[in-house]
Amino acid sequence: MNSKTVIIGAGFAGRQACRILSRTDTDVILFDPNKFTVMLPSLPDLAGGWVPEKLLIHPLKKIIPRNIQHIQKAVTSINLDEKTVTADHATYPFDFLLIASGSVADFHGFDQHLDAVHKLDSLESALRIRDMFKTYLSCSKAPHLVIAGGGYTGLELAASLRFRSIADGTPSKVTIADPSNQILPFLSQVEHDRITDFLKKNNITVLNQSKVTSFDGQNVDIGDQMIEKAFFCWAGGSKLSIPEIKGSVSQLRDGRITVQPDLSLPNYPNVFAAGDSAAIMQHGQPLRKAINFAWYSGARAGKNIASCLKKRPTKPFKPIDLGWVIPLHTQSTGKLFSLLPVHGRPGLRLHYFMCGLRNFNIVNFIGFTKISLKLFKKERST
Ligand SMILES: Cc1cc2nc3c(=O)[nH]c(=O)nc-3n(C[C@H](O)[C@H](O)[C@H](O)COP(=O)(O)OP(=O)(O)OC[C@H]3O[C@@H](n4cnc5c(N)ncnc54)[C@H](O)[C@@H]3O)c2cc1C
Numbered sequence: 001m002n003s004k005t006v007i008i009g010a011g012f013a014g015r016q017a018c019r020i021l022s023r024t025d026t027d028v029i030l031f032d033p034n035k036f037t038v039m040l041p042s043l044p045d046l047a048g049g050w051v052p053e054k055l056l057i058h059p060l061k062k063i064i065p066r067n068i069q070h071i072q073k074a075v076t077s078i079n080l081d082e083k084t085v086t087a088d089h090a091t092y093p094f095d096f097l098l099i100a101s102g103s104v105a106d107f108h109g110f111d112q113h114l115d116a117v118h119k120l121d122s123l124e125s126a127l128r129i130r131d132m133f134k135t136y137l138s139c140s141k142a143p144h145l146v147i148a149g150g151g152y153t154g155l156e157l158a159a160s161l162r163f164r165s166i167a168d169g170t171p172s173k174v175t176i177a178d179p180s181n182q183i184l185p186f187l188s189q190v191e192h193d194r195i196t197d198f199l200k201k202n203n204i205t206v207l208n209q210s211k212v213t214s215f216d217g218q219n220v221d222i223g224d225q226m227i228e229k230a231f232f233c234w235a236g237g238s239k240l241s242i243p244e245i246k247g248s249v250s251q252l253r254d255g256r257i258t259v260q261p262d263l264s265l266p267n268y269p270n271v272f273a274a275g276d277s278a279a280i281m282q283h284g285q286p287l288r289k290a291i292n293f294a295w296y297s298g299a300r301a302g303k304n305i306a307s308c309l310k311k312r313p314t315k316p317f318k319p320i321d322l323g324w325v326i327p328l329h330t331q332s333t334g335k336l337f338s339l340l341p342v343h344g345r346p347g348l349r350l351h352y353f354m355c356g357l358r359n360f361n362i363v364n365f366i367g368f369t370k371i372s373l374k375l376f377k378k379e380r381s382t
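The letter at position 240 of the sequence shown is residue 240 when you use UniProt numbering, and the numbering goes up by one with no holes.
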């Protein structure tokens, strides 16, 4: 009888592992509640109504190899010692496991009127923002967008929605509350100044050392400041998307699972983690959450499971940092190969080109390539 390999998550990491393991003689079961792949880096653009939904998605059944069984359910629990996963109250055994379920928004215990708080971690959440922000703008006399969290998701969403409000003729105030002393502390001074300058010019206020302290469904308190009738979005961090892992596993504060250099879990040589689910260390720091790292770590985990099946030694994952870009609708900042600075329109073009390239579909590739060539209209800020 063939061995059973379970892959949790059909994102960038999980799909690479599927591709590799489909060529081996293990039986692969893939769990993912979605029917589609989602180009997550373009969620802020979708939320602002700048790109159509269809450009971000592609049916999984068209790219998952036929010999892989896709169970369209979310895994709710993993038992590492019993070698089982649970989804929708059913239990499934595994011989090998890859945890590649990415991450979801983390409210860090904030629990006030969550039904009226907008997060941005999935296609559905971006569509909800798009539709509800448009309605909000049309009904509001003095629109005010409040975002908790000034990481790249918060800033990209702020820029996208600010320009949407201008394009719709109802410019919205934008306030970002962030508990740190300085947003994006990993940026160089030049990069930081560029972002700060962009935010100021576009009337996006950042309140550092500030937290949203309460929300009654309409009004947001940030310390002693109250913002009335706000459109409130949460971009205050992310956590592992599997609620329960039983076994001796160590995790970072955000839930990422500690892995060895070959991406297996320290006490479980048959269990691997990749992408945003894994705490992959480089120079003493966990790698940032990024598509390239997910893509190549998923492939390495798949190859290592294939090696285990053949009783061959596994190999370490050696991450190569191709770079990053923070796209802010009309401005960008980034660095390629940890060395070459990129900003402004070239940075935006590169970002959208990469969104097309990693999109598994020629139509989506062409769509994003067009965006990277034309970019968005530069609405006048007010
Ligand atoms: C708003 C935003 C902007 C970003 N911008 C960039 C960017 O510009 N550049 C960049 O490189 N990276 C960016 N990222 C990060 C990048 O998208 C992630 O690093 C990458 O998607 C991680 O890939 P993954 O395969 O680990 O997880 P994902 O791509 O998140 O895939 C995880 C999969 O697991 C599934 N899943 C979740 N929970 C379960 C469960 N319990 N059971 C079964 N399946 C489950 C999900 O449905 C999903 O299909 C951005 C992310 C966000 C949210």
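The beta-carbon is built from N, C-alpha and C at its ideal position, and this holds for glycine as well.
Asked, Found
"I need the DSSP call for A47, collapsed to helix, strand or coil.", "helix"
"Looking at F107 and W234, is the spacing between their C-beta atoms short of 8 Å?", "yes"
"What are the start and end residues of each continuous alpha helix (DSSP H) run of 4 or more residues lying completely inside the region 138 to 208, in chain order?", "152 to 167, 189 to 201"
"Look at the alpha carbon of T369 and the alpha carbon of A105, and state the distance between them as a whole number of angstroms.", "29 Å"
"Are the beta-carbon atoms of A17 and T37 separated by less than 8 Å?", "no"
"Assuming G302 is part of the alpha helix (DSSP H), what are its boundary residues?", "291 to 309"
"Whose C-beta lies closer than 6 Å to the C-beta of I291 among residues of the same chain, with five residues either side of it excluded?", "F12, R358"
"Would the region 261 to 278 count as touching the region 148 to 158 if we require 3 or more Cβ pairs under 8 Å?", "no"
"Quick check: what's the CA-CA separation for D254 versus G14?", "20 Å"
"Just to confirm before moving on: does the CB-CB distance between S160 and P143 stay below 8 Å?", "no"
"Take S210 as the anchor and find which of L240, D193, A299, I176 has the nearest alpha-carbon.", "I176"
"Straight-line CA distance for L322 to A116?", "38 Å"
"Give the single residue among I366, L375, Y152 whose Cα lies nearest to the Cα of K54.", "I366"
"Per DSSP, I366 forms a beta bridge with which residues?", "According to DSSP, I366 bridges with nothing at all."
"Any idea if C355 is buried or exposed, counting beta-carbon neighbours within 10 angstroms, 16 or more meaning buried?", "buried"
"Within the present structure, is the beta-carbon of G9 separated from the nearest heavy atom of ligand 1 by less than 7 Å?", "yes"
"On the DSSP bridge assignment, give the partners of A117 in chain order.", "A small fix is needed here, since residue 117 is Val in this sequence, not Ala. V117 is not bridged to any residue."
"Over what stretch of residues does the alpha helix (DSSP H) that includes Q72 continue unbroken?", "Looking at the DSSP string, Q72 is not in any alpha helix (DSSP H), and its letter there is neither H nor E."
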